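A.B. asks: One structure coming up, written as C-alpha cells, with questions to follow.
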Amino acid sequence: MVRRTKADALVTRNTLLDAAEHLFQAHGVSRTSLNDIATAAGTTRGAIYWHFKDKADLFNAMMERVTMPLEGALACAAGKAEAADNPLLSLRDSMMNALKQTATDEQTRRVFEVATHKVEYVSEMQAVRDRHLLVRNQCVAMTEKALREVVRREDIKLPMPLPTAALGLHVIMDGLIQNWLLDPLAFDLEKSGRHTMDAYLAGLGFSLPAARAPRRAAPARAMPA
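Numbering (the working numbering), first residue to last: 5 to 229.
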C-alpha cells in the first residue's frame with residue numbers, strides 16, 4: 005500500500021477546493037453535494053471528510069484560501085495609516101486595488117461571486133454566516149481605524165459619527181462589488197468605484213488632490229526670417 009505524503013494530501017485538498025469553487029459558482033452551494041465535489045475532483049467522499057468536517061468547513065476553507073479584496077485592502081490601509089505620508093490617499097489606493105483585483109483576478113471574482121450570490125445561510129451553513137459577519141465587522145473596524153487617522157491628520161469634524169462614516173464607506177464599496185458581479189457589463193467597476201468613493205469622501209469633508217491636467221505642448225516658434 006502506497007503511503008500518502010503531506011504533499012499528496014495538500015494536492016488532494018486543493019483539488020477538492022478547486023472543484024468546489026467551480027461547482028458552487030455553477031450550481032450554487034445548496035445544490036452542490038459533497039458527492040458532486042468528490043466526483044469532480046476525481047476522489048471519494050471519504051477524502052472530503054479526511055480534510056473537512058462538513059460542507060460549511062469546506063466552504064470556509066475555500067474562502068480562507070483567497071483573501072477577499074476588501075479584507076486584504078483594508079488590512080493594508082489600516083496597518084499603514086499612521087506611517088503613511090497621506091493616509092487618505094493610502095486608504096483610497098487600497099480601496100481601488102480591491103476593485104481592480106475583483107475585476108481582473110478570475111479566482112477572486114469566482115470566490116467573491118459564490119460568497120455573495122451563491123450561498124444560503126441555512127442551518128448547515130451557520131458557520132459560514134458566522135464567518136461572513138466576522139469578516140464584515142473586521143472590515144468596518146479597519147476602515148474606522150484608517151479614517152480616524154485621516155481625521156486626526158486633517159483636523160476636521162465629520163458630519164456624522166466616525167463609526168457611521170466607516171460603515172457607509174464599507175457599504176458603498178461592498179455594494180458596488182456585489183452589483184457588478186451580478187452583471188459585469190453593466191458598468192466599469194474601477195471607474196465607477198473611483199468616482200463614487202471620491203464623492204463620498206468629499207462629502208465627509210476630506211480634500212482629495214485634484215488630478216493634474218495633461219500638459220499642453222508649447223506652440224512652435226516661428227523661424228526667423
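Virtual Cβ for every residue (Gly too), placed ideally from N, Cα, C. Predicted, not measured: the structure shown is a model, and the values here were computed from it.
1) How big is the Cα-Cα spacing for residue 133 and residue 10?
2) Roughly how many angstroms lie between the CA atoms of residue 142 and residue 166, to the nearest whole one?
3) Three or more beta-carbon pairs under 8 Å between the region 108 to 120 and the region 39 to 46, yes or no?
4) Figure out for me which residue from 120, 130, 177, 131 has the closest Cα to the Cα of residue 147.
5) Beta-carbon within less than 7 Å of residue 21's beta-carbon, same chain only, minus the 5 sequence neighbours each way: which residues are those?
6) Is it buried or exposed for residue 161, if we count other Cβ within 10 angstroms and need 16 for buried?
7) If you follow the alpha helix (DSSP H) that residue 91 is part of, which residue opens it and which one closes it?
8) I need the straight-line Cα distance from residue 35 to residue 28, nearest angstrom please.
9) In chain order, what residues of the same chain have a beta carbon less than 7 Å from the beta carbon of residue 56, not counting five sequence neighbours either side?
10) To the nearest angstrom, how far is it from the Cα of residue 98 to the Cα of residue 92?
11) Between residue 182 and residue 108, is the Cβ-Cβ spacing less than 7 Å?
12) For residue 96, count the other beta carbons within 10 Å of its own beta carbon; 16 or more makes it buried, fewer makes it exposed. Which is it?
13) Quick one: using the 10 Å Cβ neighbour count with 16 as the cut-off for buried, is residue 33 buried or exposed?
14) How would you write the range of the alpha helix (DSSP H) that residue 144 sits in, first residue to last?
15) Our contact map puts residue 230 next to residue 60 with C-beta atoms below 8 Å; I'd like the distance itself, whole angstroms only.
16) Helix, strand or coil for residue 164 per DSSP?
17) Here's the rule: buried if 16 or more other CB atoms are within 10 angstroms of the residue's CB, otherwise exposed. What is residue 212?
18) Closest to residue 25 by C-alpha separation, out of 208, 122, 201, would be which residue?
19) Going by alpha carbons, who is nearest to residue 175 out of 39, 30, 145?
20) Output the boundary residues of the alpha helix (DSSP H) element that contains residue 34.
21) According to the neighbour-count rule (16 or more other Cβ atoms, all chains shown, within 10 Å of its Cβ), is residue 191 buried or exposed?
22) Would you identify the three-state DSSP class for residue 207, choosing helix, strand or coil?
C.D. replies: With the structure as the only source:
1) Indexing the sequence shown from 1 puts residue 133 at position 129. Indexing the sequence shown from 1 puts residue 10 at position 6. For residue 133 and residue 10, the distance between alpha carbons rounds to 31 Å.
2) To locate residue 142, count along the sequence shown from 1; it is residue 138. To locate residue 166, count along the sequence shown from 1; it is residue 162. When rounded, the distance between both Cα atoms is 15 Å.
3) no
4) The residue labelled residue 147 in the question sits at position 143 within the sequence shown. Among 120, 130, 177, 131, the Cα nearest to that of residue 147 belongs to 177.
5) Taking the sequence shown and counting its residues from 1, one reaches residue 21 at position 17. Beyond the five residues adjoining it in sequence on each side, residue 21 comes within less than 7 Å, by CB distance, of 65, 66, 69 in the same chain, given in chain order.
6) Residue numbering aside, residue 161 sits at position 157 when the sequence shown is read from its first letter. The residue is exposed, with fewer than 16 neighbouring Cβ atoms inside 10 Å.
7) Here residue 91 refers to the residue found at position 87 when the sequence shown is read from its first residue. Note, residue 91: alpha helix (DSSP H), 91 to 108.
8) Counting from 1 along the sequence shown, the entry for residue 35 is found at position 31. Counting from 1 along the sequence shown, the entry for residue 28 is found at position 24. Looking at the two C-alpha atoms, the distance is approximately 8 Å.
9) As a first step, residue 56 must be located in the sequence shown, where it is residue number 52. These residues qualify, in order along the chain: 62, 65.
10) As a working note, residue 98 is residue 94 in the sequence shown. As a working note, residue 92 is residue 88 in the sequence shown. The alpha-carbon atoms of residue 98 and residue 92 are separated by roughly 10 Å.
11) The residue given as residue 182 occupies position 178 in the sequence shown. The residue given as residue 108 occupies position 104 in the sequence shown. Cβ distance not < 7 Å, so residue 182 and residue 108 don't count as in contact.
12) In the sequence shown, counting from the first residue as 1, residue 96 sits at position 92. So residue 96 ends up on the buried side.
13) Here residue 33 refers to the residue found at position 29 when the sequence shown is read from its first residue. In the assembly as shown, residue 33 is a buried residue. Its beta-carbon has 16 or more other beta-carbons within 10 Å.
14) On the sequence shown, position 140 is the one that residue 144 refers to. Residues 130 to 158.
15) Only positions 5 to 229 of the chain appear in this structure, which leaves residue 230 out of reach.
16) On the sequence shown, position 160 is the one that residue 164 refers to. Looking at residue 164 - three-state DSSP - the assignment turns out to be coil, as it is neither helix nor strand.
17) Translated into positions along the sequence shown, residue 212 becomes position 208. Residue 212 should be labelled exposed.
18) In the sequence shown, counting from the first residue as 1, residue 25 sits at position 21. The option with the nearest alpha carbon to residue 25 is 122.
19) Residue 175 sits at position 171 when you count from the first residue of the sequence shown. Answer by Cα proximity: 145.
20) Residue mapping note: residue 34 aligns to position 30 of the sequence shown, counting from 1. Per DSSP, residue 34 belongs to no alpha helix (DSSP H) and is neither H nor E.
21) Here residue 191 corresponds to residue number 187 of the sequence shown, with the count starting at 1. The residue in question, residue 191, is exposed, as its Cβ has fewer than 16 Cβ neighbours within 10 Å.
22) By 1-based counting over the sequence shown, the position of residue 207 is 203. Of the three classes helix, strand and coil, the one that applies to residue 207 here is helix, per DSSP.
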